[in-house]
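Take a look at the structure set out below.
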Amino acid sequence: MNLDASVPISLRPDTPANDPSPDASTGPIDIRNKELWFDDGNIVLLTGDGTAESEPTAAFRLYKGVLARASPVFGDLFASAPPDDAEGESFDDCPAVRLTDSPLELGHFLRVLFQAGTTPLRLEFARQRYPFAKLAAIARIAHKYQADTVATDALDRIEQFFLPRTKHWVNFVHPWDECLAKAQVRYALTLAPEDAVQAVNLAHLFDKPLMLPLALYMCCLLGPLKLRNGVQREDGALEKLSDEDFVRCMDAIPVMTREHCSHLQRILDHANGVQPEGCSNPEKCAEGAKKGHLETSTRMCHEAWRHLPQWLGLKSLHGWPNMDSEVPANFLTFFGQLGVRRLSYV
Numbered sequence: 001m002n003l004d005a006s007v008p009i010s011l012r013p014d015t016p017a018n019d020p021s022p023d024a025s026t027g028p029i030d031i032r033n034k035e036l037w038f039d040d041g042n043i044v045l046l047t048g049d050g051t052a053e054s055e056p057t058a059a060f061r062l063y064k065g066v067l068a069r070a071s072p073v074f075g076d077l078f079a080s081a082p083p084d085d086a087e088g089e090s091f092d093d094c095p096a097v098r099l100t101d102s103p104l105e106l107g108h109f110l111r112v113l114f115q116a117g118t119t120p121l122r123l124e125f126a127r128q129r130y131p132f133a134k135l136a137a138i139a140r141i142a143h144k145y146q147a148d149t150v151a152t153d154a155l156d157r158i159e160q161f162f163l164p165r166t167k168h169w170v171n172f173v174h175p176w177d178e179c180l181a182k183a184q185v186r187y188a189l190t191l192a193p194e195d196a197v198q199a200v201n202l203a204h205l206f207d208k209p210l211m212l213p214l215a216l217y218m219c220c221l222l223g224p225l226k227l228r229n230g231v232q233r234e235d236g237a238l239e240k241l242s243d244e245d246f247v248r249c250m251d252a253i254p255v256m257t258r259e260h261c262s263h264l265q266r267i268l269d270h271a272n273g274v275q276p277e278g279c280s281n282p283e284k285c286a287e288g289a290k291k292g293h294l295e296t297s298t299r300m301c302h303e304a305w306r307h308l309p310q311w312l313g314l315k316s317l318h319g320w321p322n323m324d325s326e327v328p329a330n331f332l333t334f335f336g337q338l339g340v341r342r343l344s345y346v
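So the sequence shown is numbered by full-length UniProt numbering: it starts at 1 and just counts up by one.
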């Protein structure tokens, strides 16, 4: 537990390991996080590569009271620590404790506690779009340390995006990419396709099963290699689906692709039968054809929406909209992404 601050530290939080730059070999490197280092702080949090025995790569000098108020885990940790005048771990003449969290993810969480005015989490106070990866990191760390208010606020934007609510989407058929962009603006976050894997795992971690259908569907669009091997998180850690969720996706992909092709065939069949040859009023016939296509698309959209949990192996998903519920009209364009991708392994 003892850490002599005079011992050279080989790495800083924002410096890659084995940095070949000249500065890397000129002497000790300051691992203090400049944003989260208060000279009058009374505790230093040290963290490194994920193990308690590893050399720390980041140091945060903070206030015990703020940490303990937000997190009962930190409160218990400080209560069980030796008195300040007893021999224990220290850094820069300040009591210190070691953690095993990623410096990057822990930093995201700590900024919420100590820089709340510049990085508000709650959607109604949002002044900027949060990257999904940052929100996910905050939610994970907050969950670990039982900082429930922070965890709830971080997860809220993610949950709002993935829950089956019609306010996510515009009320007319649009390309899915455009709908995705509009939803990100609405919920003040930025989402990469690979983030769907984290969304699935967060849904399990926080017991939010209604997030799973859309999150798993987006995972299906990643392709088999990313589904099997996982995707890299912001801090370099590997994020993978569980075996159960991997099987769900691999079983669902061919089923949904066949359903999409069947839906397209039904639209074409309807189109061929709407406007008979020799129509005496082409404009009226065209309007009728358009109305018929929209009705057919809407009906198929309801069917796909209702069956999505079933296709993904999510049985008895209480609260998922049924056939009679209002459904986003553009879900059909979302569902069609499997057909657009032309999956070669189906």
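Just so you know, even glycine gets a beta-carbon here, dropped at the ideal spot from N, CA and C.
Inset, instruction - State the start and end residues of the unbroken alpha helix (DSSP H) segment that holds proline 103. - result: On the sequence shown, position 103 is the one that residue 103 refers to. Here the alpha helix (DSSP H) through proline 103 covers 103 to 114.
Legend entry - For phenylalanine 172, the three-state DSSP class (helix, strand or coil): Indexing the sequence shown from 1 puts residue 172 at position 172. Because phenylalanine 172 sits at a pLDDT of 44, beneath the cut-off of 50, its placement in the model cannot be relied upon, and the following sentence gives the value as read from the coordinates. Three-state DSSP puts phenylalanine 172 in coil, outside helix and strand.
Legend entry - Spatial neighbours of cysteine 94 in its chain, beta-carbon cut-off 8 Å, leaving aside the 5 residues before and after: The residue you call residue 94 lines up with position 94 of the sequence shown. Around cysteine 94: Gly41, Asn42, Ile43, Val44, Arg61.
Inset, instruction - Compare the beta carbon distance of leucine 216 and leucine 317 with 8 Å and say whether it is the shorter of the two. - result: What you label residue 216 is simply residue 216 of the sequence shown in a count that begins at 1. What you label residue 317 is simply residue 317 of the sequence shown in a count that begins at 1. Taking 8 Å as the Cβ cut-off, leucine 216 and leucine 317 do not qualify as a contacting pair.
Inset, instruction - Go ahead and pull the three-state DSSP assignment for lysine 34. - result: For the purposes of this step, residue 34 is identified with residue 34 of the sequence shown, where counting begins at 1. Three-state DSSP puts lysine 34 in a strand.
Inset, instruction - Please determine, among Glu244, Leu238, Thr152, Asn229, the residue with the shortest C-alpha to C-alpha distance to arginine 122. - result: Here residue 122 corresponds to residue number 122 of the sequence shown, with the count starting at 1. Nearest of Glu244, Leu238, Thr152, Asn229 to arginine 122, Cα basis: Thr152.
Legend entry - Cα-Cα separation between arginine 111 and valine 150, rounded to whole angstroms: By one-based count along the sequence shown, residue 111 stands at place 111. By one-based count along the sequence shown, residue 150 stands at place 150. So the two alpha carbons sit approximately 11 Å from each other.
Legend entry - glutamate 244 versus methionine 218: straight-line alpha-carbon distance, rounded: Locating residue 244 in the sequence shown gives position 244, counting from the first residue. Locating residue 218 in the sequence shown gives position 218, counting from the first residue. Distance between the alpha carbons of glutamate 244 and methionine 218 is about 16 Å.
Legend entry - Coarse secondary structure for glutamate 178, derived from DSSP in three states: Walking along the sequence shown from the start, residue 178 turns up at place 178. Reduced to three states, the DSSP call for glutamate 178 is helix.
Inset, instruction - Could you tell me if glycine 48 is buried or exposed, where buried requires 16 or more neighbouring beta carbons within 10 angstroms of its beta carbon? - result: Looking up residue 48 in the sequence shown gives position 48. Looking at its Cβ environment, which holds 16 or more other Cβ atoms inside 10 Å, glycine 48 is buried.
Inset, instruction - Determine the direct distance from the alpha carbon of lysine 144 to that of phenylalanine 109, and round the result to whole angstroms. - result: By one-based count along the sequence shown, residue 109 stands at place 109. By one-based count along the sequence shown, residue 144 stands at place 144. Using only the alpha carbons, I get a separation of about 11 Å.
Legend entry - Neighbourhood of alanine 81 by C-beta, 8 Å cutoff - its chain only, sequence neighbours within 5 removed: Within the sequence shown, the letter at position 81 stands for residue 81. These residues qualify, in order along the chain: Gly88, Pro95, Val97.
Inset, instruction - In angstroms with no decimal places, state the Cα-to-Cα distance between valine 231 and proline 224. - result: Reading the sequence shown from its first residue, position 231 is the one you call residue 231. Reading the sequence shown from its first residue, position 224 is the one you call residue 224. Rounded to the nearest angstrom, the two C-alpha atoms are 12 Å apart.
Legend entry - Whole alpha helix (DSSP H) elements within the region 177 to 225, 4-residue minimum: 195 to 205, 212 to 220
Inset, instruction - Pull up the distance between the alpha-carbon of phenylalanine 172 and that of glutamate 295, whole angstroms please. - result: Here the question's residue 172 lines up with position 172 in the sequence shown. Here the question's residue 295 lines up with position 295 in the sequence shown. With a pLDDT of 44 at phenylalanine 172, under the threshold of 50, the modelled position of this residue cannot be trusted, and the question is left open.
Inset, instruction - Report the partner residues of glutamate 231 according to the DSSP bridge assignment. - result: As a working note, residue 231 is residue 231 in the sequence shown. Checking the sequence shown, residue 231 turns out to be valine, not glutamate. In the DSSP output, where bridge partners are listed per residue, valine 231 has Glu239.
Legend entry - Distance CB(phenylalanine 114)-CB(leucine 214) smaller than 8 Å: On the sequence shown, position 114 is the one that residue 114 refers to. On the sequence shown, position 214 is the one that residue 214 refers to. No, the pair does not count as a contact, with Cβ atoms beyond the cut-off.
Legend entry - Reduced DSSP secondary structure (H/G/I, E/B, other) of alanine 59: Position 59 of the sequence shown, counted from the start, is the residue given in the question as residue 59. Reduced to three states, the DSSP call for alanine 59 is strand.
Legend entry - Contact test: asparagine 201 Cβ vs the ligand HEM heavy atom, cutoff 7 Å: Looking for the ligand HEM in the displayed structure turns up nothing, as the structure carries no ligands at all.
Legend entry - Whole-angstrom C-beta distance between valine 197 and glutamate 239, which should lie under 8 Å: Within the sequence shown, the letter at position 239 stands for residue 239. Within the sequence shown, the letter at position 197 stands for residue 197. Their Cβ separation, rounded to whole angstroms, is 5 Å, which keeps glutamate 239 and valine 197 in contact under 8 Å.
Legend entry - Distance CB(isoleucine 141)-CB(aspartate 101) smaller than 8 Å: To locate residue 141, count along the sequence shown from 1; it is residue 141. To locate residue 101, count along the sequence shown from 1; it is residue 101. It is a contact, given that the beta carbons lie within the stated cut-off.
Inset, instruction - Pick helix, strand or coil for arginine 129, following the three-state DSSP scheme. - result: Locating residue 129 in the sequence shown gives position 129, where the first residue counts as 1. Here arginine 129 sits in coil by DSSP.
Inset, instruction - Measure the C-alpha to C-alpha separation of alanine 79 and glycine 65 and round it to an integer number of angstroms. - result: The count along the sequence shown starts at 1 and reaches residue 79 at position 79. The count along the sequence shown starts at 1 and reaches residue 65 at position 65. So the two alpha carbons sit approximately 11 Å from each other.
Legend entry - Residues near leucine 202 in its chain [Cβ-Cβ closer than 8 Å; skip 5 each side]: Walking along the sequence shown from the start, residue 202 turns up at place 202. So the qualifying residues of the chain are Ala136, Ala139, Arg140, Leu155, Ile158, Lys208, Met211.
Legend entry - Contact belief for aspartate 235 with phenylalanine 132 at Cβ below 8 Å, rounded distance in angstroms: For the purposes of this step, residue 235 is taken as residue 235 along the sequence shown, with counting starting at 1. For the purposes of this step, residue 132 is taken as residue 132 along the sequence shown, with counting starting at 1. No, aspartate 235 and phenylalanine 132 are not in contact; Cβ-Cβ is about 14 Å, not under 8 Å.
Inset, instruction - Classify residue 370 as helix, strand or coil using the three-state DSSP reduction. - result: Only positions 1 to 346 of the chain appear in the structure, and residue 370 is not among them; the question remains open.
Legend entry - Burial state of arginine 228 (16 or more Cβ within 10 Å): For this step, residue 228 is matched to residue 228 along the sequence shown. Its Cβ having fewer than 16 others within 10 Å, arginine 228 is exposed.
Legend entry - Sub-8 Å separation of phenylalanine 246 and alanine 199 beta-carbons: The count along the sequence shown starts at 1 and reaches residue 246 at position 246. The count along the sequence shown starts at 1 and reaches residue 199 at position 199. No, these two residues do not count as a Cβ contact at 8 Å.
Inset, instruction - Go through its chain and collect everything with a Cβ distance to asparagine 33's Cβ below 7 Å, but skip five positions before and after it. - result: Here residue 33 is taken as the residue at index 33 of the sequence shown, counted from 1. So the list reads Pro13, Ala58, Ala59, Phe60, Gly107, once near-sequence residues are dropped.
Legend entry - Same chain, Cβ closer than 6 Å to glutamate 105, neighbours up to 5 away in sequence not counted: By one-based count along the sequence shown, residue 105 stands at place 105. Result list for glutamate 105: Ala137, Ile141, Asp235, in chain order.
Legend entry - glutamate 259 burial status per 10 Å Cβ neighbour count (16 or more: buried): On the sequence shown, position 259 is the one that residue 259 refers to. Burial call: buried.
Inset, instruction - For my contact list, proline 56 and leucine 46 are in at a C-beta cut-off of 8 Å; report their separation, rounded to the angstrom. - result: On the sequence shown, position 56 is the one that residue 56 refers to. On the sequence shown, position 46 is the one that residue 46 refers to. Between leucine 46 and proline 56 the Cβ distance is about 4 Å, and since that is below 8 Å, they are a contact.
Legend entry - C-alpha distance - leucine 77 paired with cysteine 220, whole-angstrom precision: By 1-based counting over the sequence shown, the position of residue 77 is 77. By 1-based counting over the sequence shown, the position of residue 220 is 220. Using only the alpha carbons, I get a separation of about 42 Å.
Inset, instruction - State yes or no: is the C-beta of glutamine 128 within less than 8 Å of the C-beta of valine 73? - result: Numbered from 1 along the sequence shown, position 128 holds the residue referred to as residue 128. Numbered from 1 along the sequence shown, position 73 holds the residue referred to as residue 73. The answer is no: Cβ separation not under 8 Å.
Inset, instruction - Given a cut-off of 8 Å, decide if alanine 188 and tyrosine 130 are closer than it, judged by their beta-carbon atoms. - result: For the purposes of this step, residue 130 is taken as the residue at position 130 of the sequence shown. For the purposes of this step, residue 188 is taken as the residue at position 188 of the sequence shown. It is a contact, given that the beta carbons lie within the stated cut-off.
Legend entry - For serine 90 and glycine 75, the rounded distance between their alpha carbons: In the sequence shown, the residue the question calls residue 75 occupies position 75. In the sequence shown, the residue the question calls residue 90 occupies position 90. Cα to Cα, the separation comes out at about 18 Å.
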